[in-house]
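Chains as they are written, first to last, in my numbering: chain A, 2 to 324; chain B, 2 to 324.
Note sheet for the following structure.
Protein chains: 2
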Amino acid sequence: MSNLDQIAKLAGFSKATVSRVLNHSPHVNPETRDRILAIMKELDYAPNGNAVSLSKGRTLQIGMCAEGINEVMLPFLNSFVETASQNGYQTIVYTSGGDAKKELKAFEDLRRKRVDALVIITCVNDHGLIGSYCKYGPIVSWQRMRLPEILSVAMNQYDGYKLGVEHVIGQGYTRIANALGRPSSMNTLSRLEAYEDIMNKHSLAVPPGWSRTGIYSIRDGERLVGELLQGAKERPDAVLCANDLVAAGLLNEARRQQVKVPEELAIVGFDNTELAHTLGITSIDNPIAAQAQNAFYLLLGKLNHEETVQKKLQFRLVKRATT
Amino acid sequence: MSNLDQIAKLAGFSKATVSRVLNHSPHVNPETRDRILAIMKELDYAPNGNAVSLSKGRTLQIGMCAEGINEVMLPFLNSFVETASQNGYQTIVYTSGGDAKKELKAFEDLRRKRVDALVIITCVNDHGLIGSYCKYGPIVSWQRMRLPEILSVAMNQYDGYKLGVEHVIGQGYTRIANALGRPSSMNTLSRLEAYEDIMNKHSLAVPPGWSRTGIYSIRDGERLVGELLQGAKERPDAVLCANDLVAAGLLNEARRQQVKVPEELAIVGFDNTELAHTLGITSIDNPIAAQAQNAFYLLLGKLNHEETVQKKLQFRLVKRATT
DNA sequence: TTGAAAGCGTTACCAA
DNA sequence: TTGGTAACGCTTTCAA
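Following this line, the structure appears as structure tokens:
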């Protein structure tokens, strides 16, 4: 492997000049440039990325922290990676599997300057601890955080959930249950708040057993059918789901058990993923890819000490066959 | 931010000794170590990752190259990231959106020593060009390549597809069509070969119009229904799909058009993803997560100049409601 | 337009 | 067990 020194010697110029060529400095004689470029090509030269990063003090790498990547996050990941790449940044994926210690690797890598910034999709560590890493570099989050230092690009779920609750009520359903995600996450709290507000507004009952939390996956959705529809008497006639995966599981298992959807049970998903489209599930459209872009540009702005204008985004309900 | 020099000065030792503490060298006096560790803690010291990488000549980063991440690749990505992380490696995701120039970024980063190795999920560049990057570091591929230098951890699709064809024939279907992926990929060729071999063995007809290629997504699958079932007379009674997404689209649209599955049309997916399970699609189980592990350990072996033992893997057909 | 030299923050070899 | 010092490969002043 050749390096700057060799190129410089062979070309008969100094390392400084070679470096200028590399960085497209205008203060280089065109002939000099050509000569140096020719020698670079001849020696199959490529600048060492680590040396550049060390010298410049920036890696052009951004870490992405998540428990694990699932279908719901996929548009976020793809959109973020794509946007970052367009701006010269690479994305490093850190998954923790829910292990707090492993998750800290991402934050430690920010501290060690392996990455210039961090985007959190989900995180399991204490928010206070996470916040203490803000001094090492910009951090933004998709998951909403309880920290003023860490901005979230997620939208206030209150508005989205409200759309869902009002929709099923408008369709004539009255016994509305919730399949929610992480028990004490802000998303869950906002959704619950929206639910209770709208239900109260319509003077509808809010039985405590009808708001389940900790429900994330297709399997969870499947299991839910048994749990929710147990009591033959007072059972819900509509379920709002944490995401489309849950809705898909619920729909599938309900059909298996001969529960008619949407006649006996309405199902509303969240995020409006491809899955919802395929299965014909009514879902609340969550502009995830756009949120990922917002996340990247927020980070880029902080890295470059510029103001960032966030794209304004909106929820939208897409009615399909399950309501 | 503090650095080695400051720690050394404050502790009253040399940089060399501080470095030894950092790297858990046994040749350090316990008292010295404690003193140095205490000062590190006090100054909130963390070694600079770039400096370490530059000095060691290794980044402990592996690049992952793909057009874009979809549901089918998800288990591969998650498993690879997880396995890499367990071994101290980070994963950088490079997506190209099918743009050959952008895809080269991943390979250029191998050349620039930003990553120590590369795993290809899919790649669109000419295989010859890709092969020329092998001299810069280990490369393995999921997608099978036409290059002896780049090993593939994918399994020979012949065996898997054969399972599918034999299964539908065993179920009594005789007019069997294919929805295949990338036209000239080795996967597609192997599958076609298996298809033709088994069909011939059973003396079944192989109409040319029944082997479509370039079919990848849910939408593609949906579109396929119209195309395949057009001719009211000689239409297929079974379709083997490129993956579960296609199968899902096909199933969904078939039902919409009142085509009875599996009575009038059998559908077989590929990969046996969660989606196949949810929708009850018969699918060929492809141990993707295990292939990702094989990929990582293959790379690790090459990086450490050790022999690697690959896990032996097998396809398996999972019968569900679509056949 | 060019060059010399001092960083950037480690590691690793050779002595002591 | 410790220290001195030369790598690692590039960028960035400051002068010329």
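Beta carbons are placed, not taken as given, at the ideal position from N, Cα and C, and that holds for glycine.
As the structure is a computational prediction, the values presented were derived from the model and not from experiment.
Cutoff 9 angstroms: residue i Cβ touching any chain A Cβ
i: Asn79 of chain B; result: yes
i: Thr96 of chain B; result: yes
i: Leu75 of chain B; result: yes
i: His306 of chain B; result: no
i: Ala118 of chain B; result: no
i: Lys114 of chain B; result: yes
i: Gln259 of chain B; result: no
i: Glu83 of chain B; result: yes
i: Thr123 of chain B; result: no
i: Ile70 of chain B; result: yes
i: Glu197 of chain B; result: no
i: Asn341 of chain B; result: Because chain B is modelled from 2 through 324, residue 341 of chain B falls outside the range shown and cannot be assessed.
i: Lys42 of chain B; result: no
i: Thr60 of chain B; result: yes
i: Thr18 of chain B; result: no
Same chain, Cβ closer than 6 angstroms to residue i, five either side skipped, listed in chain order
i: Ile219 of chain A; result: Leu246, Ala249, Gly250
i: Ala293 of chain A; result: Phe77, Ser80, Phe81
i: His203 of chain B; result: Ile170
i: Ser97 of chain A; result: Glu68, Lys103, Glu104
i: Lys303 of chain B; result: Pro139
i: Val19 of chain A; result: Leu5, Ile8, Ala9, Ile37
i: Cys135 of chain B; result: Glu150
i: Tyr155 of chain A; result: The amino acid at residue 155 of chain A is misidentified as Tyr; the sequence shows Ala. Cβ within range, chain order: Trp143, Arg145.
Sequence-distant residues of its chain with Cβ nearer than 7 angstroms to residue i (five each side left out)
i: Pro128 of chain B; result: In the sequence as displayed, the identity of residue 128 of chain B is His instead of Pro. Cβ within range, chain order: Met146, Arg147, Leu148.
i: Ala101 of chain A; result: Val125, Asn126
i: Thr274 of chain A; result: Glu72, Val73, Asp245
i: Tyr137 of chain A; result: Leu111, Arg112
i: Thr92 of chain A; result: Ile63, Met65, Phe81, Val82, Ala85
Residue i: first and last residue of the uninterrupted beta strand (DSSP E) it sits in
i: Arg317 of chain A; result: 317 to 319
i: Asp45 of chain B; result: Taken as a continuous stretch (DSSP letters only), Asp45 of chain B belongs to no beta strand (DSSP E), as it is neither H nor E.
i: Ala239 of chain A; result: 239 to 242
i: Gln62 of chain B; result: 62 to 67
i: Leu119 of chain A; result: 118 to 121
i: Asn179 of chain A; result: 177 to 180
i: Arg141 of chain B; result: Looking at the sequence shown, residue 141 of chain B is not Arg but Val. Its beta strand (DSSP E) spans residues 140 to 142.
i: Gln91 of chain A; result: 91 to 96
i: Thr283 of chain B; result: 283 to 286
i: Val226 of chain B; result: Taken as a continuous stretch (DSSP letters only), Val226 of chain B belongs to no beta strand (DSSP E), being part of the alpha helix (DSSP H) at 219 to 229.
Whole-number beta carbon distance between residue j and residue i, since they are thought to touch under 8 angstroms
i: Gly50 of chain A; j: Asp110 of chain B; result: 7 angstroms
i: Pro184 of chain B; j: Arg113 of chain A; result: 45 angstroms between Cβ atoms; not a contact.
i: Leu314 of chain B; j: Ala277 of chain B; result: Rounded, the Cβ-Cβ distance is 18 angstroms, inconsistent with contact.
i: Leu181 of chain B; j: Ile216 of chain B; result: 6 angstroms
Closer than 9 angstroms to chain B by CB, residue i
i: Ile8 of chain A; result: no
i: Tyr126 of chain A; result: Here the sequence assigns Asn to residue 126 of chain A, which means Tyr is not the residue at that position. Not closer than 9 angstroms to any Cβ of chain B, the Cβ of Asn126 of chain A fails to qualify, so no.
i: Pro263 of chain A; result: no
i: Arg224 of chain A; result: no
i: Asn273 of chain A; result: no
i: Leu55 of chain A; result: yes
i: Ala290 of chain A; result: no
i: Ile282 of chain A; result: no
i: Glu109 of chain A; result: yes
i: Lys102 of chain A; result: no
Closest residue to residue i among the options (Cα-Cα distance)
i: Arg192 of chain A; options: A:Val166, A:Gly210, A:Ile121, A:Pro27; result: A:Val166
i: Tyr174 of chain B; options: B:Ser56, B:Lys42, B:Val240; result: B:Val240
i: Leu130 of chain A; options: A:Phe108, A:Pro263, A:Thr123, A:Thr33; result: A:Phe108
i: Glu308 of chain B; options: B:Gln315, B:Tyr298, B:Val94; result: B:Tyr298
i: Asp286 of chain A; options: A:Lys163, A:Glu228, A:Pro237, A:Ser153; result: A:Lys163
i: Thr283 of chain A; options: A:Leu44, A:Asp35, A:Val262, A:Leu5; result: A:Val262
i: Gln311 of chain B; options: B:Leu152, B:Tyr134, B:Ser20; result: B:Leu152
i: Lys42 of chain A; options: A:Ile121, A:Met2, A:Arg317, A:Val29; result: A:Met2
i: Val94 of chain B; options: B:Gln87, B:Leu119, B:Thr84; result: B:Leu119
i: Ile177 of chain A; options: A:Gly13, A:Thr324, A:His25, A:Trp143; result: A:Thr324
i: Ala85 of chain A; options: A:Gly99, A:Ile289, A:Gly64; result: A:Gly64
i: Arg115 of chain B; options: A:Ser54, A:Thr33, A:Ser133; result: A:Ser54
i: Arg321 of chain A; options: A:Leu301, A:Asn295, A:Ile289, A:Thr279; result: A:Thr279
Run of the alpha helix (DSSP H) containing residue i, from where it starts to where it stops
i: Gln7 of chain A; result: 5 to 12
i: Asp127 of chain A; result: First-last for Asp127 of chain A: undefined, no H or E at that position.
i: Gln172 of chain A; result: First-last for Gln172 of chain A: undefined, no H or E at that position.
i: Ala17 of chain B; result: 16 to 23
i: Asp245 of chain B; result: 245 to 257
Contacts around residue i, its chain only, beta-carbon distance under 8 angstroms, and the 5 residues preceding and following it disregarded
i: Glu194 of chain A; result: Tyr159
i: Glu197 of chain B; result: Val207
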